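Reviewing the structure listed below.
Protein chains in written order, with our numbering: chain A, 65 to 172; chain B, 65 to 172; chain C, 65 to 172; chain D, 65 to 172.
This is the structure we're talking about:
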């Protein structure tokens, strides 16, 4: 079944969605929020597409490969922004983004 | 952190989203698809709201309780429909729906 | 048909989704972004639920009333936050939120 | 502003989301539902991505072009399936899908 074949990717997407969502929330509470605006924006883009792709894979969407290609691009952009910052939530988010991007590229 | 406090609920939502998405896909491939139309419709409603609430909790949404109340209602409706059918995907889906509904009710 | 009966609500939801999404984008570009963090967060919550409800109504979801109740609550919270600010995007967003909340309450 | 530059595309996406959502609902009520399973599946894929892209454009997402490319592919697939059927909801859906695909291609 599609959702079992892609179990590793679904897990990476889920971890990335959670890490980006937490980073979004934490960035909005940082004192230096002015420095975090790109991060806030990209966290949201990335959480949204990861959540979307998770569900698309689980329902055996015929468009998994195309969506995974876009998702990889967004994860990489978010990871690159997050790794510019020293906040722990950003570092964890960057790690989750790069791992998810790699898993997406394998099926894109 | 919000997303840790709710880790059990996020897990139940994720399992329910996956079970409903798989049931949606499998119902569309059943020979007796005419019998499965309510199931198909409710699987989609339930997968959508579970995916939505997962992400809302992960970003520390101020509206988690209200959304969890609606999600519980939808999970219960989907579980009740699914348990009318003998397909394994329906039985697994019903189980995931009822567990998720219970977890939602605890925070609603 | 459901989506015609609710055409006014769908229009209000769509306008509110657009206004909140634009306000989210514009707030992230304001110099006083520190002042706008609640607005950014609520803009996102509100755009997401309005987009969700639009689509739920269009597919004749059995849960339109329950979802509209939550949507009204979120629209009101977003409108109250936005009306604290003088930026034009906030004032337009507040207006769209209150109109949408009112339309939601009529079917909730 | 991004959402004004793309006003035509947002309108096409919105019309396509509504047409696909209505077609999804109507297909599930057809007597020959067995014939409509591909249509049901693709209606959902298409409504979801159109709703997603609408909101991404409205918030000035940096990934509009990539998402529009995938959206065009999904709209075309849904339009091709829908035009195989004589139901009025399918014919209207096919028309909305092809118009939306064309608008997406222009910015992809």
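Glycine residues also receive a C-beta, built at the ideal position from the N, C-alpha and C atoms. It should be emphasised that the depicted structure is a prediction, and the values quoted were computed from it without experimental measurement.
Item, Value
"Less than 8 Å between CB atoms is the rule here; does residue 116(B) satisfy it with respect to chain C?", "yes"
"Cβ of residue 124(D) less than 8 Å from any chain C Cβ?", "yes"
"Which residues, in chain order, does the segment 138 to 172 of chain B contribute to contact with chain C at a C-beta distance below 8 Å?", "138, 141"
"Just the C-alpha distance for residue 140(B) and residue 170(D), rounded to the nearest angstrom, thanks.", "44 Å"
"For a contact meaning CB atoms closer than 9 Å, what does residue 134(A) contact in chain D?", "127, 130, 131, 133, 134"
"Considering only the beta carbon of each residue, do residue 62(A) and residue 88(B) sit closer than 8 Å?", "Shown here, chain A extends from 65 to 172; a query on residue 62(A) therefore has no answer."
"Step through the CB atoms of chain D and report whether any lies within less than 8 Å of the CB of residue 96(C).", "no"
"From residue 81(B) to residue 84(D), what distance separates their C-alpha atoms?", "22 Å"
"Starting from residue 79(C), trace the alpha helix (DSSP H) in both directions and tell me its first and last residue.", "71 to 91"
"Would you report the Cα separation of residue 149(B) and residue 128(A), rounded to the nearest angstrom?", "29 Å"
"Quick test of the definition: if touching needs 3 or more C-beta pairs under 8 Å, does the segment 154 to 163 of chain B touch the segment 147 to 167 of chain C?", "no"
"Between the alpha carbons of residue 77(A) and residue 164(A), how many angstroms are there, rounded?", "6 Å"
"Return helix, strand or coil for residue 125(C), following the three-state DSSP convention.", "coil"
"Under a three-way DSSP split, which group does residue 172(C) fall into?", "coil"
"Hey, how far is the Cα of residue 97(D) from the Cα of residue 136(A)?", "36 Å"
"Grouping DSSP H, G and I as helix and E and B as strand, with all else coil, what is residue 147(D)?", "coil"
"My guess is that residue 119(D) and residue 111(C) are in contact by the Cβ rule of under 8 Å, so how many angstroms apart are they, rounded?", "6 Å"
"Compare the C-beta of residue 106(B) with all C-beta atoms of chain D and state if any pair is closer than 8 Å.", "no"
"Hey, out of 143(D), 130(D), 138(D), 144(D), whose CA is closest to residue 138(A)'s CA?", "130(D)"
"For the candidate residues 92(A), 100(A), 94(A), 74(A), whose alpha-carbon lies nearest to that of residue 146(A)?", "100(A)"
"With 16 other CB atoms within 10 Å as the buried threshold, where does residue 176(B) fall?", "Nothing can be reported for residue 176(B), as the shown portion of chain B is limited to 65 through 172."
"Within the 8 Å Cβ cut-off, does residue 109(C) reach chain D?", "no"
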